[in-house]
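Notes for the one structure printed next.
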Amino acid sequence: MSSEQQLPTRQRRPSATAPIVDIQGSVGPAGVTRPKHRRTFTGFGAQEIKGVEASIPEHMREAWLKHQASGFQNKEQFEKEVVRHVETTLARSMFNCDETAAYAATSLAFRDRLIIEWNRTQQRQTFADSKRVYYLSLEFLMGRALDNAMLNIGEKEVAQNGLSELGFRVEDIISQEHDAALGNGGLGRLAACFLDSLASLNYPAWGYGLRYRYGIFKQEIIDGYQVEVPDYWLDFNPWEFPRHDVTVDIQFYGNVSKTTDESGKVTAHWQGGELVRAVAYDVPIPGYATPSTNNLRLWSSQASGGEFDFQKFNNGDYESSVADQQRAETISAVLYPNDNLDRGKELRLKQQYFWVAASLYDIVRRFKKTKRAWREFPDQVAIQLNDTHPTLAIVELQRILIDLEGLDWDDAWNIVQQTFGYTNHTVLPEALEKWSVGLFQHLLPRHLQIIYDINLFFLQMVERNFPKDRDMLSRVSIIEESQPKMVRMAYLAIVGSHKVNGVAELHSDLIRTTIFKDFVTIFGPDKFVNVTNGITPRRWLHQANPKLSALIATKTGGPEHFLKDLTLLNKIELSVNDPAFRKEWAAIKLANKQRLADYIKTTTGVVVSPQALFDVQVKRIHEYKRQQMNIFGVIHRYLVLKSMTPEQRKKVLPRVSIFGGKAAPGYWMAKQIIHLINSVGSVVNNDPEIGDALKVIFLEDYNVSKAEIIIPASDISEHISTAGTEASGTSNMKFVLNGGLIIGTCDGANIEITREIGEENIFLFGNLAEDVDDLRHHHTYGQDHKIDPSLDKVFQAIQSGTFGNADDFNGMVAAVREHGDFYLVSDDFHSYLETQELVDKSYADQELWVTKCITSVARMGFFSSDRCINEYAEEIWNVEPLKPETNSGVPKTEL
Ligand code: IMP
Numbered sequence: 001m002s003s004e005q006q007l008p009t010r011q012r013r014p015s016a017t018a019p020i021v022d023i024q025g026s027v028g029p030a031g032v033t034r035p036k037h038r039r040t041f042t043g044f045g046a047q048e049i050k051g052v053e054a055s056i057p058e059h060m061r062e063a064w065l066k067h068q069a070s071g072f073q074n075k076e077q078f079e080k081e082v083v084r085h086v087e088t089t090l091a092r093s094m095f096n097c098d099e100t101a102a103y104a105a106t107s108l109a110f111r112d113r114l115i116i117e118w119n120r121t122q123q124r125q126t127f128a129d130s131k132r133v134y135y136l137s138l139e140f141l142m143g144r145a146l147d148n149a150m151l152n153i154g155e156k157e158v159a160q161n162g163l164s165e166l167g168f169r170v171e172d173i174i175s176q177e178h179d180a181a182l183g184n185g186g187l188g189r190l191a192a193c194f195l196d197s198l199a200s201l202n203y204p205a206w207g208y209g210l211r212y213r214y215g216i217f218k219q220e221i222i223d224g225y226q227v228e229v230p231d232y233w234l235d236f237n238p239w240e241f242p243r244h245d246v247t248v249d250i251q252f253y254g255n256v257s258k259t260t261d262e263s264g265k266v267t268a269h270w271q272g273g274e275l276v277r278a279v280a281y282d283v284p285i286p287g288y289a290t291p292s293t294n295n296l297r298l299w300s301s302q303a304s305g306g307e308f309d310f311q312k313f314n315n316g317d318y319e320s321s322v323a324d325q326q327r328a329e330t331i332s333a334v335l336y337p338n339d340n341l342d343r344g345k346e347l348r349l350k351q352q353y354f355w356v357a358a359s360l361y362d363i364v365r366r367f368k369k370t371k372r373a374w375r376e377f378p379d380q381v382a383i384q385l386n387d388t389h390p391t392l393a394i395v396e397l398q399r400i401l402i403d404l405e406g407l408d409w410d411d412a413w414n415i416v417q418q419t420f421g422y423t424n425h426t427v428l429p430e431a432l433e434k435w436s437v438g439l440f441q442h443l444l445p446r447h448l449q450i451i452y453d454i455n456l457f458f459l460q461m462v463e464r465n466f467p468k469d470r471d472m473l474s475r476v477s478i479i480e481e482s483q484p485k486m487v488r489m490a491y492l493a494i495v496g497s498h499k500v501n502g503v504a505e506l507h508s509d510l511i512r513t514t515i516f517k518d519f520v521t522i523f524g525p526d527k528f529v530n531v532t533n534g535i536t537p538r539r540w541l542h543q544a545n546p547k548l549s550a551l552i553a554t555k556t557g558g559p560e561h562f563l564k565d566l567t568l569l570n571k572i573e574l575s576v577n578d579p580a581f582r583k584e585w586a587a588i589k590l591a592n593k594q595r596l597a598d599y600i601k602t603t604t605g606v607v608v609s610p611q612a613l614f615d616v617q618v619k620r621i622h623e624y625k626r627q628q629m630n631i632f633g634v635i636h637r638y639l640v641l642k643s644m645t646p647e648q649r650k651k652v653l654p655r656v657s658i659f660g661g662k663a664a665p666g667y668w669m670a671k672q673i674i675h676l677i678n679s680v681g682s683v684v685n686n687d688p689e690i691g692d693a694l695k696v697i698f699l700e701d702y703n704v705s706k707a708e709i710i711i712p713a714s715d716i717s718e719h720i721s722t723a724g725t726e727a728s729g730t731s732n733m734k735f736v737l738n739g740g741l742i743i744g745t746c747d748g749a750n751i752e753i754t755r756e757i758g759e760e761n762i763f764l765f766g767n768l769a770e771d772v773d774d775l776r777h778h779h780t781y782g783q784d785h786k787i788d789p790s791l792d793k794v795f796q797a798i799q800s801g802t803f804g805n806a807d808d809f810n811g812m813v814a815a816v817r818e819h820g821d822f823y824l825v826s827d828d829f830h831s832y833l834e835t836q837e838l839v840d841k842s843y844a845d846q847e848l849w850v851t852k853c854i855t856s857v858a859r860m861g862f863f864s865s866d867r868c869i870n871e872y873a874e875e876i877w878n879v880e881p882l883k884p885e886t887n888s889g890v891p892k893t894e895l
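Residues 1 to 895 in the numbering used here are what the sequence shown lists, from first letter to last.
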């Protein structure tokens with residue numbers, strides 16, 4: 001047996017004659033001799049250097065080795081880098097270096113630093129040749145990158161000192177950055193937290209998404225109404241690397257023909273149509289306290305074949321040649337601003353196919369470099385579908401395997417199923433994606449054929465196994481036999497994946513027992529798992545709340561410990577009765593509230609007292625999240641205050657109700673809710689009788705960087721969705737982690753938060769998910785739909801014009817009174833008000849309140865996205881971390 005045969009497949013070394021290097025076109029032979037000079041570098045094992053080094057063409061090695069030292073070492077070196085970037089890269093002079101230039105130069109200095117580790121990580125992963133995870137998400141809500149890079153690399157202090165010597169405050173420089181807002185809400189931010197955890201835990205992982213020219217719109221509030229303004233964020237973005245050499249031409253439209261060879265094998269050919277070019281843009285994702293730096297690859301669309309069609313141009317048809325180019329660019333131009341709502345636009349389907357086809361091409365190309373057999377594909381590749389948006393990847397991989405690679409259907413389908421995992425994010429019917437068969441036929445004719453075949457084989461299996469349940473076939477068919485016929489994307493995702501997961505226990509139970517019940521019967525229960533969401537403590541504690549992070553670090557052996565293992569938070573529970581710790585804790589909360597009060601004053605002009613109870617609801621505006629119930633509660637409070645004597649009012653605990661969030665531009669009811677909040681705010685905030693007792697604030701343009709200011713300042717936050725509608729929620733976790741308490745319904749992750757922190761530390765109210773159907777039924781068919789008297793008074797106040805033109809809010813009132821109150825506001829209102837009273841009483845006892853807050857934070861360890869990613873890795877992906885300093889990636893010839 002040769003030495004090569006003895007090696008396990010994972011470590012199989014390249015043959016001596018095969019080319020092993022393929023970095024952006026450079027190809028070199030294996031077994032090259034090592035240069036004489038060698039250095040050992042921090043964070044990159046000497047063994048790894050050897051492995052990678054062997055892939056560098058010999059004449060470049062000396063220079064490459066010199067380049068390997070990383071880190072700024074000290075502030076002088078950092079300053080030197082900043083000055084160099086100001087004076088050369090930016091072509092400015094230190095003489096007129098303002099904050100914008102200082103931000104640009106600082107970012108470029110950190111980017112240089114990141115990119116060295118990025119390259120090393122990619123090389124390490126390439127040589128290790130182990131399984132990689134690919135996270136496909138149409139949204140990545142990354143927020144700002146500079147602060148995150150500084151903290152994850154561990155060089156914020158160096159930067160702070162260096163910038164200070166240059167005359168800048170690090171906070172001012174950080175706040176120059178434009179948020180990368182390529183997402184709507186929870187789903188996109190989850191993807192961003194996952195990338196942070198994947199890198200921090202050293203998993204070989206890539207994110208794949210779209211590089212929208214316009215991210216989520218900027219929200220302006222004009223006369224109390226939401227106005228949408230485009231968010232052009234790419235003016236200066238130092239965090240991306242265009243890869244003009246990594247391009248893929250993506251096909252649309254056209255037609256399909258079939259040929260049969262001598263053996264009778266039929267092959268489909270998809271021809272004609274239109275080509276659009278996908279160009280890769282890479283964003284480095286630094287892990288926390290590890291050199292691992294993963295990659296987020298975002299695709300941008302361009303006209304295929306260059307700038308514009310020269311043929312047309314030369315024929316004098318200049319306009320149409322430019323129009324073609326613009327049409328191609330439209331694909332990645334804009335993020336669809338809907339959250340939990342499917343609109344079925346052709347361009348959206350085009351975006352989806354463009355993105356998954358480019359990503360799969362890249363993944364398959366990388367796999368093919370290893371020269372492995374196709375059956376090994378699922379041992380090397382795990383692809384996670386973040387919701388149904390990337391479901392076409394299932395069809396595309398099947399197409400690649402059968403049409404382009406010549407595999408049999410069954411072999412190919414086996415590979416596909418083992419490769420994919422699908423995460424469901426909602427049970428709301430209006431959010432479940434469906435596409436018309438006609439649109440598919442037109443845009444992706446070959447894919448529609450494959451979907452029909454997938455469905456045929458699936459239904460044949462169902463028929464064989466459940467011959468007595470004829471109705472089941474139409475219930476589970478991927479094609480809905482409606483007018484027009486529709487492709488049900490969630491069903492396709494389930495059939496094409498080996499695991500399907502929900503994002504919190506209740507949600508996973510609900511999908512198993514309601515929308516996907518038949519599929520549990522068909523595939524068995526093991527295919528359906530739960531992975532409760534998590535958040536990264538690096539951004540949501542360390543970065544957003546540096547003072548609290550520092551205080552916690554004093555009890556947990558330093559930030560690098562609890563930020564890597566969040567369960568260590570439990571150590572602070574030992575200090576819950578320590579007066580010095582408690583005092584410091586309360587002082588930090590007050591300082592965070594003062595920071596938010598200052599921000600409120602600068603942005604809205606309203607002065608709020610940091611001594612008041614800060615009550616926060618920030619999230620997308622949606623009827624199921626029930627901001628309307630919150631504002632009705634605020635109106636109730638206002639009416640009660642108005643009915644008091646001045647003496648009575650003085651005794652009331654002051655409260656600031658803070659709202660923030662965007663409404664989808666076409667979602668009329670959500671826009672009404674924003675308008676009502678603002679109208680109530682302008683009445684209440686200007687009512688001299690009320691003073692500090694109540695203030696109502698709507699913060700414009702809620703986004704990730706604003707969340708970092710708002711969340712640490714909250715005393716109580718509202719997570720009050722109709723039970724059974726919010727899949728998980730993740731802001732609930734962020735608020736508690738920052739020492740705020742929750743008022744919430746028994747929904748999503750609120751339930752598990754309660755289990756972890758204890759019932760005595762959360763304010764739960766409202767009907768349970770199991771009662772929702774009955775209540776709705778009663779509203780529609782029962783005779784006695786009574787509105788709670790307090791809610792009735794609120795409606796009367798609205799309708800009498802207390803908050804401006806009553807007609808503006810008719811729809812909101814009618815939704816409850818006349819249209820069946822689908823979100824059960826009237827059913828939960830009474831218990832909501834009672835619970836708010838309890839909040840007031842509890843807050844009045846500050847000693848007990850602080851105890852609740854400290855205890856809750858101590859018990860939040862479970863909600864780290866690190867735990868969550870480890871669960872995905874173990875239960876769904878079957879991948880292992882690849883730690884720096886290992887030998888696994890080193891070709892054996894070099895050891
Ligand atoms: P890809 O896997 O071909 O997309 O390459 C991504 C990155 O991995 C490259 O930019 C390199 O940093 C690294 N890489 C890929 N293949 C090689 C190789 O053969 N030698 C060294 N580095 C590689």
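Every residue gets a Cβ at the ideal spot worked out from N, C-alpha and C, and that includes glycine.
- In this structure, G758 sits away from T567, with a CB-CB distance that is not shorter than 8 Å.
- Judged by their CB atoms, V683 and K695 are not nearer to each other than the 8 Å cut-off.
- The count of Cβ pairs closer than 8 Å, one atom from the region 210 to 225 and one from the region 253 to 273, stays below three, leaving the stretches out of contact.
- Leaving aside the five residues that flank A145 on each side, the residues in its chain whose CB is nearer than 6 Å to its CB run, in chain order, W239.
- When C-alpha distances from Y491 are compared across D840, T330, L392, the shortest belongs to L392.
- DSSP places Y318 within a helical segment (H, G or I) once states are collapsed to three.
- For L764, the beta-bridge partners assigned by DSSP are G744.
- Going by DSSP, F236 is part of no beta strand (DSSP E) at all; its letter is neither H nor E.
- In this structure, the alpha-carbon of S508 lies about 17 Å from that of T745.
- Judged by DSSP in its simplified three-state form, A597 adopts helix.
- Using a 10 angstroms sphere on the CB of F236, the tally of other CB atoms stays under 16, which defines it as exposed.
- Around the CB of K499, 16 or more other CB atoms lie within 10 Å, so the residue is classed as buried.
- Here the alpha carbons of Q417 and V495 stand approximately 8 Å from one another.
- For R113, the Cβ stays outside the 7 Å cut-off from all heavy atoms of the ligand IMP.
- Taking C-beta separations shorter than 7 Å and ignoring five residues to either side along the sequence, the partners of R399 in its chain run R446, H447, I450, following chain order.
- Around the beta carbon of F95, fewer than 16 other beta carbons sit within 10 angstroms, so the residue counts as exposed.
- At least one heavy atom of the ligand IMP lies closer than 7 Å to the C-beta of T126.
- Exclusion of R372 from the 7 Å shell around the ligand IMP follows from its C-beta lying no nearer than that to any non-hydrogen atom of the ligand.
- By the neighbour-count criterion, in which 16 or more other beta carbons inside 10 Å mark a residue as buried, A580 falls on the exposed side.
- With contact defined as three or more Cβ pairs closer than 8 Å, the region 160 to 176 and the region 118 to 131 are not in contact.
- With 16 or more other Cβ atoms from the protein chains shown falling within 10 Å of its own Cβ, Q123 counts as buried.
- For Y823, the three-state secondary structure derived from DSSP is coil.
- Placement of the Cβ of S359 at a distance of 7 Å or more from every heavy atom of the ligand IMP is found.
- For the region 445 to 488, the full-length beta strand (DSSP E) segments reaching 3 residues or more read 486 to 488 along the chain.
- Taking 7 Å as the cut-off, one finds at least one heavy atom of the ligand IMP near enough to the beta carbon of N119.
- Listed in chain order, the non-local C-beta contacts of E875 below 6 Å within the same chain comprise V529, local neighbours out to five positions each way being set aside.
- Along the length of the region 255 to 310, whole beta strand (DSSP E) runs at least 3 residues long occupy 255 to 260, 266 to 271, 274 to 286, 293 to 303, reported in chain order.
- Counting only runs that start and end inside the region 64 to 138, the beta strand (DSSP E) elements of at least 3 residues fall at 132 to 136.
- Here DSSP, grouped into helix, strand and coil, assigns V857 to helix.
- If only complete runs of 4 or more residues are kept, the region 149 to 199 shows the alpha helix (DSSP H) at 156 to 165, 170 to 174, in order along the chain.
- Counting the other Cβ atoms within 10 Å of the Cβ of M461 gives fewer than 16, which makes it exposed.
- For F194, the closest alpha carbon among the candidates K75, S137, A663 is that of S137.
- Below 8 Å, enough C-beta pairs join the region 185 to 201 and the region 281 to 292 to call them touching: three or more.
- In this structure, the straight-line span from the alpha carbon of V229 to that of P546 is close to 32 Å.
- Our two residues, T121 and G207, have alpha carbons roughly 15 Å apart in a direct line.
- Taking the Cα positions, E157 is about 40 Å away from I720.
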